[in-house]
Amino acid sequence: LVHGHLAHVYKSLAGMVTVSVYDVAERMLGAFGEKLSEYAMERFRKREVRVRMGRHIEGVEEGVLVIKEDGRVGFGVCVWAAGNKVSGLVQGMDVRKSEGGMERVLTDRWLRVLSSKAGKEGDEGGVLEGVYALGDAADVAGHELPTTAEVAVQKAKWLAKHLNAGEQPDSKPFSYQQKSMVAYIGRHDGVVEGKQDWTGASAWLAWRSGSLEWTRSWRRRAMICIYWFMNKLDGREIARR
Numbered sequence: 002l003v004h005g006h007l008a009h010v011y012k013s014l015a016g017m018v019t020v021s022v023y024d025v026a027e028r029m030l031g032a033f034g035e036k037l038s039e040y041a042m043e044r045f046r047k048r049e050v051r052v053r054m055g056r057h058i059e060g061v062e063e064g065v066l067v068i069k070e071d072g073r074v075g076f077g078v079c080v081w082a083a084g085n086k087v088s089g090l091v092q093g094m095d096v097r098k099s100e101g102g103m104e105r106v107l108t109d110r111w112l113r114v115l116s117s118k119a120g121k122e123g124d125e126g127g128v129l130e131g132v133y134a135l136g137d138a139a140d141v142a143g144h145e146l147p148t149t150a151e152v153a154v155q156k157a158k159w160l161a162k163h164l165n166a167g168e169q170p171d172s173k174p175f176s177y178q179q180k181s182m183v184a185y186i187g188r189h190d191g192v193v194e195g196k197q198d199w200t201g202a203s204a205w206l207a208w209r210s211g212s213l214e215w216t217r218s219w220r221r222r223a224m225i226c227i228y229w230f231m232n233k234l235d236g237r238e239i240a241r242r
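Heads up, the final residue of the sequence shown is numbered 242 in this note's numbering, and it's a clean run with no missing numbers.
Here it is in structure tokens:
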């Protein structure tokens with residue numbers, strides 16, 4: 002966006018804009034394997050993006066970012082792309098929650114919410130009957146899963162089938178089936194983790210195809226393709242100030 006589309010609109014800024022990424026994690030794309038994570042960070046560095054991992058943001062002031070490790074760092078535009086705090090609903094619930102990182106409601110393997118008195122694994126006793134949880138704000142005790150749409154979709158399908166079957170006591174618990182994870186890292190580049198790991202333009206195409214796969218109507222799919230073509234032909238629409 003900066004070196005492509007904006008450079009054509011604001012030619013006076015060419016060569017003057019720098020991009021820095023600050024993250025509290027030790028590596029980017031933490032849900033992916035270390036090899037793919039290193040690939041993404043190396044690609045950013047080659048594009049002269051300053052990657053600063055293991056940084057704790059203590060405050061944001063006008064034109065200044067306050068960082069525990071680096072002190073006060075000036076900026077022109079600051080984009081905050083992280084979560085800020087736990088959902089108020091989750092915070093106020095008297096149930097068992099995960100420890101470390103963002104608090105999430107814990108469930109057993111049948112997605113039943115665990116009471117605050119439940120055991121560590123949560124498989125025996127301590128469940129709230131008739132209360133289920135799924136999505137980013139929930140996790141299975143003893144089986145930590147990433148906060149991705151794929152996990153939520155699989156949980157939703159399993160729970161719908163489980164409830165429609167009448168909650169049979171001998172039913173099999175939820176089991177997450179790992180599928181490919183895809184991430185776009187800019188400039189027609191991406192990473193895919195699955196049965197085989199792959200990177201580059203082919204991974205970017207896999208990421209792009211996801212937009213069409215999740216779109217329900219053929220009309221919307223056609224419109225998405227048209228917008229892609231127009232953006233490639235004439236660049237993105239940019240509102241000038």
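Here a beta-carbon is modelled for each residue, glycine too, at the ideal position from N, C-alpha and C.
Buried/exposed call for residue i, threshold 16 Cβ in 10 Å
| i | result |
| --- | --- |
| F230 | exposed |
| D235 | exposed |
| Y23 | buried |
| V141 | buried |
Start and end residues, beta strand (DSSP E) containing residue i
| i | result |
| --- | --- |
| R73 | G72 to G75 |
| V114 | R113 to L115 |
| G60 | I58 to E62 |
| E35 | That residue, E35, is in no beta strand (DSSP E); its alpha helix (DSSP H) goes E35 to K47. |
CB contact flag (residue i, residue j, <7 Å)
| i | j | result |
| --- | --- | --- |
| L37 | D190 | no |
| V192 | A184 | yes |
| M17 | M29 | no |
| S21 | R56 | no |
| W111 | P174 | yes |
| R113 | V91 | no |
| V3 | I239 | no |
| Y133 | Q155 | no |
Of the listed residues the options, nearest to residue i (C-alpha basis)
| i | options | result |
| --- | --- | --- |
| G118 | E70, E100 and D95 | Rather than Gly, the amino acid found at residue 118 in this sequence is Lys. The candidate whose alpha carbon is nearest that of K118 is D95. |
| I186 | G89, W208 and S218 | W208 |
| M182 | K162, A157, V152 and F175 | V152 |
| A26 | A83, G64 and H163 | A83 |
| E62 | M54, G75 and D71 | G75 |
| G131 | R48, T19, G167 and T149 | G167 |
Helix, strand or coil at residue i according to DSSP, with G and I counted as helix
| i | result |
| --- | --- |
| V128 | strand |
| I227 | helix |
| M29 | coil |
| M182 | strand |
Residue interval of the alpha helix (DSSP H) (run including residue i)
| i | result |
| --- | --- |
| G89 | G89 to Q92 |
| R53 | No alpha helix (DSSP H) holds R53; the beta strand (DSSP E) holding it covers V50 to M54. |
| L164 | A150 to N165 |
| E194 | Premise fails: E194 lies in the beta strand (DSSP E), G191 to E194, not in any alpha helix (DSSP H). |
Any non-hydrogen atom of the ligand ZN within 6 Å of residue i CB
| i | result |
| --- | --- |
| A8 | Looking at this structure, you won't find the ligand ZN or any other ligand, since it has none at all. |
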